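**Q**
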Amino acid sequence: DAGVTQSPTHLIKTRGQQVTLRCSPKSGHDTVSWYQQALGQGPQFIFQYYEEEERQRGNFPDRFSGHQFPNYSSELNVNALLLGDSALYLCASSLAEGSGNTIYFGEGSWLTVV
Amino acid sequence: DQQVKQNSPSLSVQEGRISILNCDYTNSMFDYFLWYKKYPAEGPTFLISISSIKDKNEDGRFTVFLNKSAKHLSLHIVPSQPGDSAVYFCAGNSNSGYALNFGKGTSLLVTP
């Protein structure tokens, strides 16, 4: 049973560029969330997708956008990259409907902005 | 604002002893709490959870206690093993939202 898979694992971008990160949820899961984890911090919620729509969004600017595909996989796009966007980006999957469902994380994509 | 706080950045425990990791929260709407364990260069791994209708949940060597009146929860690991050395994150979730709210983590070191 494949868990949550993310790609790429590491990447380096230049300020002002755009990046796309990809995620495949755990088998059977229909909900995908994205988190940003800066060094020394806990993961911060970016947004969640369910039924191909953004269901909830955290406190992140519009430069951060996403998409969910009919097969439940998801992409995170970040435009006009800033140095402060350097972080570990985590994808998490779960079954729909609020709390009480265990949320599983992928291994993350390390983004370095130079 | 930090709705989940883990006030101990690090903890060192001898192998075989009990490890107690603490977590406080401020949002009274949280009704579900989860603990994750994270090794360097890996994503967080789910460890154990507890619903707000319970005050204790146990899974093998791991037990989570919830004190709703104090808005406090703790994770007990007994007995501690060197392989438990990792960063532990506490997270809260409410049925009215979908985001997990994480603390900053506690780095546990279990020494032989």
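Going line by line, the protein sequences match chains B and W.
For what it's worth, the working numbering labels the leading residue of the first sequence as 1, then goes sequentially.
For what it's worth, the working numbering labels the leading residue of the second sequence as 115, then goes sequentially.
Just so you know, even glycine gets a beta-carbon here, dropped at the ideal spot from N, CA and C.
What you are looking at is a predicted structure, and each value in this text was computed from that prediction instead of being measured.
#1: Suppose you measure from the CA of W:LEU161 to the CA of B:ASN59; what does that come to, to the nearest Å?
#2: Helix, strand or coil: how does DSSP classify W:ASP198 here?
#3: If you count every other CB in all the chains shown that lies within 10 Å of the CB of W:LYS170, and 16 or more means buried, which is it?
#4: State buried or exposed for B:GLN6, treating a residue as buried only when at least 16 other CB atoms are found within 10 Å of its CB.
#5: Using a beta-carbon distance cut-off of less than 9 Å, what residues from the region 208-219 of chain W approach chain B?
#6: Do W:THR159 and W:LYS151 count as a contact pair if the criterion is CB distance below 8 Å?
#7: Expressed to the nearest angstrom, what Euclidean distance is found between the alpha-carbon atoms of W:PHE203 and W:GLN117?
#8: Report back the beta-carbon spacing between W:LYS119 and B:GLY42 to the nearest angstrom; my notes put them in contact at under 8 Å.
#9: Alpha carbon to alpha carbon, how far is B:GLY66 from B:TYR72? Give it in angstroms, no decimals.
#10: Would you tell me roughly how many angstroms separate the C-alpha atoms of B:ASP85 and B:ARG63, rounded to the nearest one?
**A** Short version:
#1: 27 Å
#2: helix
#3: exposed
#4: buried
#5: SER208, ASN209, SER210, GLY211, TYR212, ALA213, LEU214, ASN215, PHE216, GLY217, LYS218 and GLY219
#6: yes
#7: 13 Å
#8: W:LYS119 to B:GLY42, Cβ: 10 Å. No contact.
#9: 12 Å
#10: 11 Å
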